[in-house]
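Numbering (my numbering), first residue to last: 232 to 517.
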């Protein structure tokens, strides 16, 4: 655990069922945003020095990053990663409650640089009445210095990891969830849903994709990860499972796509897959 002299606080949020470490300030540069499904992120990965080092290097490329498939209820893995990141900069951490219908549970975690970003709110979407999502979306509102506006701006980031077998139902329900969550953050310029949506290949055909509101080219939503991208590490797949979906005309982004850490770091497939079977997706937020 970090020492008492570390500049952080840890508390349980009774309202949102999440815990938060640190708070943020500002930057006048574009914000580098990412989402990374780190397969089975837990103690085993963060006690393997080589794997943990690569994960820390990848996370450290960004100003804010969503981690999915957090599978460590003790908080050990998240705390070890947070401690490592804070050796070179000031990082905050906001984590959802446990989500999942069965005994298999996951958490969503947002790491962010506190010199550039302030988390101004969080919200755990509750769909118990209709039970639309296996792992209910978790949202945070962030405040940052907008490079285009030369002023502070707020945007909501909505984390979602769909159940592969229920991808169609969950993605059909996503617009409703995005509008509902966005409506609760009155100062936000827009909302971005991001994560492993399983939105391609056998889980979502091109024909079905055309029926999805989030993929309509003339609608309210903009999908910024092209269908032609491959967000998977395995050599035998070519699927854009991981996505980022924008609602809100005032949200400006650029350079969206996967970060192929295997080729960038010179890793063979076996080593890369000890990190994850997914690439992070990333974009610049203005």
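Beta carbons: idealized from backbone N, C-alpha and C, even for Gly. Predicted, not measured: the structure shown is a model, and the values here were computed from it.
Pair within 8 Å by beta-carbon distance, residue i and residue j
i	j	result
residue 445	residue 402	yes
residue 409	residue 389	yes
residue 514	residue 466	no
residue 264	residue 289	no
residue 323	residue 345	yes
residue 411	residue 387	no
residue 510	residue 491	yes
residue 302	residue 271	yes
residue 364	residue 404	yes
residue 378	residue 260	yes
residue 464	residue 508	yes
residue 287	residue 316	yes
residue 455	residue 477	yes
residue 506	residue 285	yes
residue 469	residue 392	no
residue 375	residue 347	yes
residue 331	residue 366	yes
residue 312	residue 266	no
residue 493	residue 500	yes
Residue i versus the options, residue with shortest Cα-Cα distance
i	options	result
residue 426	311, 299, 322, 484	299
residue 328	349, 312, 304	304
residue 373	354, 474, 273, 333	354
residue 430	461, 316, 449	461
residue 437	512, 292, 399	399
residue 357	480, 275, 407	407
residue 276	485, 342, 503	503
residue 482	440, 516, 335	516
residue 413	361, 370, 442	370
residue 489	458, 500, 325	458
residue 428	450, 480, 443, 293	443
residue 416	439, 447, 362, 479	479
residue 333	362, 486, 440, 496	362
residue 368	326, 496, 335	326
Residues bridged to residue i (per DSSP)
i	result
residue 337	330
residue 374	349, 385
residue 509	463
residue 343	295, 323
residue 438	Paired residues: none, contrary to the question.
residue 427	473
residue 422	387, 478
residue 416	None; residue 416 has no bridge partner.
residue 400	Looking at the DSSP assignment, residue 400 forms no beta bridge with any residue, so it has no partner.
residue 354	370
residue 516	262, 484
residue 500	DSSP lists no partner for residue 500.
Delimiting residues of the beta strand (DSSP E) encompassing residue i
i	result
residue 267	262-272
residue 311	No beta strand (DSSP E) holds residue 311; the alpha helix (DSSP H) holding it covers 307-316.
residue 486	484-489
residue 452	452-454
Span of the alpha helix (DSSP H), counted from its first residue to its last, around residue i
i	result
residue 280	280-290
residue 494	492-496
At least 3 beta-carbon pairs within less than 8 Å: the segment 366-385 vs the segment 304-314: Contact fails: fewer than three Cβ-Cβ distances are below 8 Å.
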